[in-house]
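K.L.:
Residue numbers (the numbering used here), protein chains in the order written: chain A, 1 to 246; chain B, 1001 to 1246.
Mind looking over this structure? Questions follow.
Number of protein chains: 2
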Amino acid sequence: MDNESAKVKIEDALGKETIVMFARCEVYYSGRAESFLAEGDRIIIIKQDRTLLIHQPKNSMPINYMKEETEYTITTDNKELRIKARNKKYKEDLEVIIRKMYFLKSKNLEDNQRLIIKGTERDMADMIMNNPKLISKEFKPLSREEHTKYGFIDVFGYDSKGNLIVIETKRYVGDLKAVSQLRRYVERIKAAKGIKNVKGILACPRITPNAEKMLHDFGFEYKRVLPPKYLENERRKQKKIFEFKK
Amino acid sequence: MDNESAKVKIEDALGKETIVMFARCEVYYSGRAESFLAEGDRIIIIKQDRTLLIHQPKNSMPINYMKEETEYTITTDNKELRIKARNKKYKEDLEVIIRKMYFLKSKNLEDNQRLIIKGTERDMADMIMNNPKLISKEFKPLSREEHTKYGFIDVFGYDSKGNLIVIETKRYVGDLKAVSQLRRYVERIKAAKGIKNVKGILACPRITPNAEKMLHDFGFEYKRVLPPKYLENERRKQKKIFEFKK
DNA sequence: GGGGAGAGATGCCGC
DNA sequence: GCGGCATTTCTCCCC
Chain A
1 MDNESAKVKI EDALGKETIV MFARCEVYYS GRAESFLAEG DRIIIIKQDR
51 TLLIHQPKNS MPINYMKEET EYTITTDNKE LRIKARNKKY KEDLEVIIRK
101 MYFLKSKNLE DNQRLIIKGT ERDMADMIMN NPKLISKEFK PLSREEHTKY
151 GFIDVFGYDS KGNLIVIETK RYVGDLKAVS QLRRYVERIK AAKGIKNVKG
201 ILACPRITPN AEKMLHDFGF EYKRVLPPKY LENERRKQKK IFEFKK
Chain B
1001 MDNESAKVKI EDALGKETIV MFARCEVYYS GRAESFLAEG DRIIIIKQDR
1051 TLLIHQPKNS MPINYMKEET EYTITTDNKE LRIKARNKKY KEDLEVIIRK
1101 MYFLKSKNLE DNQRLIIKGT ERDMADMIMN NPKLISKEFK PLSREEHTKY
1151 GFIDVFGYDS KGNLIVIETK RYVGDLKAVS QLRRYVERIK AAKGIKNVKG
1201 ILACPRITPN AEKMLHDFGF EYKRVLPPKY LENERRKQKK IFEFKK
């Protein structure tokens, strides 16, 4: 395909059809950072919302990209096709210099579906609210997403001894960051209420050794809790996979 | 294209060529979480390293995906083409049920280039190491990436009054997390060295109000520092963009 | 729009 | 492999 035809095709499709190209190109980016990618073969996608994605033939992340509502200027001569992309909102500029267009295709795609997802940290906190015994027999939950100046508490409550309880949940591994987060909330609650009997609990399936050490240094507790999806997996181990489908 | 031909094309290209499809499909995923995506038009990509990407016609993130080294099983009948993807390492499964294959293309792409990038947090810390006056006239840097049990310190040093200095850098906005991080390091240094005269400095272009409050609560300092790329931008404001293109 | 935090985060580096 | 952490993070929610 010659450069002039490619230019026309892209301009006609922009904002109406999703465009996919295989092309040999180099890429310049300037915005939140600055980057340069030397010549190589890539997949270039311009979506219907004017999102730009440039993918190398390996790895899952795009090597360069621009967000939705980007403006495009296409220029061409005998040797090159240049796609200049500018996003005013994010103050970003990107230029693709295409040295060889192997292939270009565009099509209007219709898709208004949203992903339905289960097994998130939110589900985990909800599970604890609904079944506080997962933390302990004494735990009484009060609220979810309690707002403090120093952030939001996942689950907030008290126990039979009159202690306030701050719970931070993690769906996978509790790490140093999670302990820091918990500490911030516990101290904020102590300061805000002017009391000292506030306990911190980190609820997650696993914890790193350093995080556990730090947790104990500050007098907090680790409570092993599995996210809801694992429980479901337990229940249907004998059943076949994907049975959750709707 | 009939399902049987598509199946053969995909099987032939797998691991050798990058495959791009426009297809009407639904998607099931089970692994770290579980998800379902009802029928719609999407771009499906299988890269040469067996990475799978499914993109809707809007937004920059893939709606579903599988990592490199995924194994594929393609099955078909008159009505559907099913792509079953399994990743043993990450214990993830995904299934794409294609109801309409609009288009399929594959090609071997050659690309061994790596992105050259400037203006990262690492560059910012390096800049402070090389030009400590950006922090203050008294600051003397000692090391980058100093390791402690509670994490790595971006820039570590001392001042003319004999205080140790811990600097945490952020390339954009300093937030509560950044202050927590700084605090962790300062306390760790105090504990490890058994001393009290350790100062914490958060070096970044901007800081959130709550973070600034927390910073002052703990006796730390905010030092406004711009990442190197902004400085370069200043220098070449009159020049045309993309001149950095090395 | 800013602030705060999760994400099927991913990717990088170090041990 | 795990740990710790930045990311052109992105996305969502709430004020």
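Virtual Cβ for every residue (Gly too), placed ideally from N, Cα, C.
All values reported here derive from a predicted model rather than from experimental measurement.
1) Taking DSSP's pairing of strands, which residues face F220/A in a bridge?
2) Does any C-beta atom of chain A lie closer than 9 Å to the C-beta of P1062/B?
3) What is the rounded straight-line gap between the Cα of N108/A and the Cα of E17/A?
4) Nearest by alpha-carbon distance to S1143/B: which of P1132/B, S1136/B, V1155/B, F1220/B is it?
5) From L965/B to E1121/B, what distance separates their C-alpha atoms?
6) What residue does the alpha helix (DSSP H) around N130/A start on, and which one ends it?
7) Taking any Cβ of chain A, which residues in the segment 1185-1216 of chain B have a Cβ under 8 Å from it, in chain order?
8) Between the alpha carbons of T208/A and M214/A, how many angstroms are there, rounded?
9) Which residues share a DSSP beta bridge with A1085/B?
10) To which residues of the same chain is L14/A closer than 8 Å at the C-beta, ignoring the five residues directly before and after it?
11) With DSSP as the reference, label I1135/B as helix, strand or coil.
12) In this structure, what does DSSP give as the bridge partners for D41/A?
13) Less than 9 Å between CB atoms is the rule here; does N1112/B satisfy it with respect to chain A?
14) From the beta carbon of V1020/B, is the nearest beta carbon of chain A less than 9 Å away?
15) Can you check whether the CB of R1183/B is closer than 9 Å to the CB of S180/A?
16) Can you name, in chain order, every residue of its own chain whose Cβ lies under 7 Å from the Cβ of F1036/B, other than the five neighbours on each side?
17) Excluding five sequence neighbours on each side, which residues of the same chain lie with their C-beta closer than 6 Å to the C-beta of F218/A?
18) Using the Cα positions of P1141/B and K1118/B, report the straight-line distance between them to the nearest angstrom.
19) Answer yes or no: does any C-beta atom of chain B fall closer than 9 Å to that of N87/A?
20) 9 Å is my cut-off, CB to CB: does E221/A come that close to chain B?
21) Pull up the distance between the alpha-carbon of I1097/B and that of R206/A, whole angstroms please.
22) Do you know how far the Cα of K1177/B is from the Cα of D175/A?
23) What separation, rounded to the nearest whole angstrom, lies between the Cα atoms of E39/A and A1125/B?
24) How is K1199/B classed by DSSP in three states: helix, strand or coil?
25) Would you give the residue range spanned by the alpha helix (DSSP H) that Y1185/B belongs to?
26) By DSSP, does M214/A sit in helix, in strand, or in coil?
27) When you compare the CB of L1014/B with every CB in chain A, is at least one pair closer than 9 Å?
28) The beta strand (DSSP E) with E1168/B in it runs from where to where?
29) Flag L176/A as yes if its beta-carbon sits less than 9 Å from any beta-carbon of chain B, otherwise no.
30) For a test of the three-state rule: what should DSSP assign to K1245/B, helix, strand or coil?
31) How big is the Cα-Cα spacing for Q238/A and K199/A?
32) Would you decide whether M1061/B is buried or exposed? Buried here means 16 or more other CB atoms lie within 10 Å of its CB.
33) Give a yes or no on whether the C-beta atoms belonging to I189/A and I167/A are separated by under 9 Å.
34) Is K16/A helix, strand or coil by DSSP?
35) Using 8 Å for Cβ pairs, my map puts Y1185/B next to G1151/B. What's the rounded Cβ distance?
36) Nearest by alpha-carbon distance to D1111/B: which of E26/A, L104/A, I10/A is it?
P.N.:
A quick look at the data gives this:
1) For F220/A, DSSP assigns no beta-bridge partner whatsoever.
2) It does: the Cβ of P1062/B has a partner Cβ on chain A nearer than 9 Å.
3) 4 Å
4) Of the listed residues, the one whose Cα sits closest to S1143/B is V1155/B.
5) It is not possible to answer for residue 965/B, since the shown part of chain B is limited to 1001 through 1246.
6) Unbroken alpha helix (DSSP H) run through N130/A: 121-130.
7) N1210, K1213, M1214
8) 10 Å
9) When DSSP reads this structure, A1085/B sits in a beta bridge with Y1072/B, L1094/B.
10) I46, R50, Y72
11) Coil at I1135/B, not helix or strand.
12) Beta-bridge pairing links D41/A to R24/A.
13) yes
14) Among the residues facing chain A, V1020/B is included, as its CB has a counterpart in that chain under 9 Å away.
15) Contact flag set, yes.
16) Y1028
17) The beta carbon of F218/A sits closer than 6 Å to those of R183, all from its chain and outside the five residues before and after it, given in chain order.
18) If you take the alpha carbons of P1141/B and K1118/B, they lie about 22 Å apart.
19) no
20) Nearest CB-CB separation between E221/A and chain B: not below the 9 Å threshold.
21) The straight-line gap separating the alpha-carbon atoms of I1097/B and R206/A is approximately 35 Å.
22) Going from the Cα of D175/A to the Cα of K1177/B covers about 13 Å.
23) Each residue's Cα considered, the two are about 30 Å apart.
24) strand
25) 1176-1193
26) helix
27) no
28) 1164-1169
29) yes
30) In this prediction, K1245/B has a pLDDT of 42, which is less than 50 and means its spatial position is unreliable; what the coordinates show is noted afterwards. Under the three-state reduction of DSSP, K1245/B is assigned to coil, being neither helix nor strand.
31) Low local confidence applies: a pLDDT of 42 at Q238/A is under 50, so the model's placement there is unreliable, with the coordinate-based value given in what follows. One C-alpha to the other measures close to 40 Å.
32) exposed
33) no
34) coil
35) 6 Å
36) The option with the nearest alpha carbon to D1111/B is E26/A.
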